[in-house]
Amino acid sequence: MNLTLAETPLHGWHTAHGAKMAEFGGWSMPIQYGSIVDEHHATRRAAGLFDISHMGRLIFRGDAAGPFLDHLLTRPVSQLGVGRVRYALLTNARGGTIDDVLVSRLEDSEGPFFLMVVNAGNLQKVTAWIESNRSECADADKEGSLEFEDRTLQQAMLAVQGPRAGEVLAEVCSADLAGMGYYTAQCTEIDAKEGIVSRTGYTGEDGWELIVPATHAETLWNRLAQVAGQLGGTCVGLAARDTLRLEAAMPLYGHELDEDISPLQAGLEFAVQLEGGSFVGRDALVQVAEQQDYRRRVGLVSSGRRAPREGYPVLVSGRGIGSITSGTHSPTLGVPIAMAYVDREFADVGTEVSIDMRGREERAEVVELPFYRRGDT
Amino acid sequence: MKPEELKYAKTHEWVHVDSAEGGNGSMATVGISAFAVEALTDLVFLELPEIGKQVAAGDSLGEVESVKAVSDIYSPVTGEVVQVNEELPEALQWLGEDPYGRGWIAKIRLGDASALENLMDHTAYSKLCADEES
């Protein structure tokens, strides 16, 4: 048991700037600096600056790193070119989701390596999973070397997201940011320190994520916060990060994903390569794919004013057919939105359902995901 | 109304009793404190109680929902709801701008005034808020 919360290198900054702090994934994190809705809109309209240092960062080096990761991930990464980033899942033998991760293929002065970014609350579990599979692979006498290192505590990770994120980042990074494709990454200098920049994010906006030495986090954060502020942006806490990702229909581990939910059920087929794959959980997922009788992840828009919340039952003709996994009042759309798992026969877009909101039923409709796509407005 | 002249529940509702005696039959105006509104932030929905509803101190009087979460509003007094602030659900900003005035939620005719004795004065309530902050 972890009784004390971990603190990011920016913890002191957050508390000094009036952030409401709360536990998330074993870390003391900023939930909001002021209004969640203002932070949300600032990200959609200009730029949001996020401390995401709580995310776990694992480095894999050596000849065996690629094949080893292919053995654990729902789609292969060993053949990725340097600079490419891939979203994939770690699944257990039952096809349930251990974590959803981003894997980048990168190269620094020591040579090529893989970076895996995992959810904060799953870091210990994922590390143990990797270690146990690693010893199995070693027993099987697979060839080649594998070095594995958890770099989470030595580094800070920041996200700059929104239509003006590039302008903000250009202040501290001379790399060709505009030339970077979505889901690419590179080792580069950030504010004169060695770091990693990737064109990725968890908001539904264009943007970048940065990894820098922990010791340099506050200097960098201050510079970025100042520039973002000049452009109409702001620092953003986890509460608005949640409303942003929900509008973009991105799954959140512990809500839309867990060890009993398969990536197929979660609608993440794009990140699962069953053909030719031999990863842990593949056989179970092949069966799931054949049976097709699982609940589906859907988006719901409610016609009422109350926001659906996790655990609220979803009903059709008074009968429970699913349950809400995440919900909020959408700041961008101005209506209550939610993601839910429902029986497959009620998963089609346009299906009318109701949501039991603390004893009162409100009507809702299954809608296409995501709720928000940038450029739609 | 001045916050210094109000009584408060631990659950962050305020009460103003509009007669000197404050006995049974007096009218109590109820709302939620500035501290509560500040803690909730980004309010999106308020449910008012029904007129005529009998409530005991500690019963749910309605609910207030923010982007983040939904919270119950508890009645700090025992009595009958005789009036509600009908305009408030469409003007949630009043809860932030004027929580002790235009942001009032309901008026309750006291049935059992003894529940008032369990409420805090402004000094005690301010201390509670300071403790919750830290």
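Sequence lines, in order, name chains G and V. This note's numbering applies: residue 685 is where the first sequence begins, and numbers increase by one. This note's numbering applies: residue 187 is where the second sequence begins, and numbers increase by one. We put the CB at the ideal spot given by N, CA and C, even for glycine.
According to DSSP, R741 of chain G shares a beta bridge with G:V801. Annotation: R981 of chain G to H198 of chain V spans about 38 Å, alpha carbon to alpha carbon.
Assignment of K254 of chain V by DSSP, reduced to helix, strand and coil, places it in the coil class. Between Q716 of chain G and L922 of chain G, the gap from beta carbon to beta carbon is short of 9 Å. Here E953 of chain G carries a helix assignment [DSSP, helix/strand/coil].
Residue pairing by DSSP places M306 of chain V opposite V:Y194 in a beta bridge. V:G217 is the residue among V:N210, V:G217, V:S212 and V:G211 whose C-alpha sits nearest the C-alpha of K193 of chain V. Cβ contact annotation for E283 of chain V (same chain, cutoff 8 Å, sequence separation greater than five): G289, in chain order.
Here the segment 1001–1010 of chain G makes no contact with the segment 232–241 of chain V; the two share fewer than three CB pairs at distances below 8 Å. Identification of residues in the segment 212–227 of chain V having a C-beta nearer than 9 Å to some C-beta of chain G yields A225 and T227, given in sequence order. Two segments are said to touch when three or more pairs of C-beta atoms, one from each, lie closer than 8 Å; by this definition the segment 839–846 of chain G touches the segment 880–890 of chain G. Flagged as an interface residue toward chain V: G718 of chain G, by a C-beta distance shorter than 9 Å.
A residue is called buried when at least 16 other Cβ atoms come within 10 angstroms of its Cβ; Y260 of chain V meets this threshold and is buried.
Leaving aside the five residues that flank A932 of chain G on each side, the residues in its chain whose CB is nearer than 7 Å to its CB run, in chain order, T887, G888, P1054 and Y1056. The C-alpha of L302 of chain V lies about 16 Å from the C-alpha of L247 of chain V. For R1042 of chain G, the nearest CB of chain V lies under 9 Å from its own CB, placing it at the interface with that chain. Selection G:G865, G:E855 and G:L830 evaluated against R907 of chain G yields G:E855 as nearest (Cα-Cα).
Within chain G, the residues R990, A991, R993, M1041 and R1042 have their CB atoms less than 9 Å from the CB of V256 of chain V, given in chain order.
Taking a Cβ-Cβ cut-off of 8 Å, the neighbours of T927 of chain G in chain V comprise V253, given in sequence order.
Chain V has no Cβ within less than 9 Å of the Cβ of V920 of chain G. Counting C-beta atoms within 10 angstroms of its own C-beta, A804 of chain G has 16 or more neighbours from the protein chains shown and is therefore classed as buried. The distance from the Cβ of V972 of chain G to that of L948 of chain G is about 5 Å, consistent with a contact at the 8 Å cut-off. Rounded to the nearest angstrom, the gap between the Cα atoms of A909 of chain G and L915 of chain G is 10 Å. Note on N304 of chain V: under 16 other CB atoms within 10 angstroms of its CB, so exposed under the neighbour-count rule. Between the segment 1027–1045 of chain G and the segment 975–991 of chain G, the count of Cβ pairs shorter than 8 Å is three or higher; the stretches touch. Counting C-beta atoms within 10 angstroms of its own C-beta, T836 of chain G has 16 or more neighbours from the protein chains shown and is therefore classed as buried. Contact check between the segment 782–801 of chain G and the segment 724–735 of chain G: fewer than three CB pairs, one atom from each, fall below 8 Å, which does not count as touching. G779 of chain G and E893 of chain G have their C-alpha atoms some 29 Å from each other.
Residue pairing by DSSP places M713 of chain G opposite G:A706 in a beta bridge. Listed in chain order, the non-local C-beta contacts of H900 of chain G below 6 Å within the same chain comprise K877, local neighbours out to five positions each way being set aside.
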